[in-house]
Amino acid sequence: MPARPFAFQPAPEDGGQEFPVVGIGASAGGVGALRRFFRNLPDEVGMAFVVVLHLSPDHESNLT
1 MPARPFAFQP
11 APEDGGQEFP
21 VVGIGASAGG
31 VGALRRFFRN
41 LPDEVGMAFV
51 VVLHLSPDHE
61 SNLT
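Using the UniProt record's numbering, read the sequence shown as starting at 1 and increasing by one per residue.
Structure representation (structure tokens):
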């Protein structure tokens, strides 16, 4: 599937604030790195994170 171009939406003119959203992708081996990453972030980062993991259906999840 070809990648779609980034669609930028400007902030509303009524004084709305921008809120960054960061996408992170990893395979099953990346769970530990993700834990370390999020554990070391400050409490107030000012952005949201969307995490997508590729896990084999036959592999036991480490997310619990």
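Each residue gets a CB set at the ideal place from its N, CA and C atoms; glycine is no exception.
In this text, all values refer to a predicted model and were calculated from it rather than measured experimentally.
Taking C-beta atoms under 8 Å as the contact rule, residue 28 and residue 56 qualify, at a distance of about 6 Å.
Within its own chain, the residues whose Cβ lies closer than 6 Å to the Cβ of residue 53, once the five positions on either side in sequence are excluded, are 26, listed in chain order. Under DSSP, residue 48 takes part in a beta bridge, and its partners are 21. Here the alpha carbon of residue 50 sits roughly 17 Å from the alpha carbon of residue 7. In the displayed model, residue 41 falls within coil according to three-state DSSP, outside both helix and strand.
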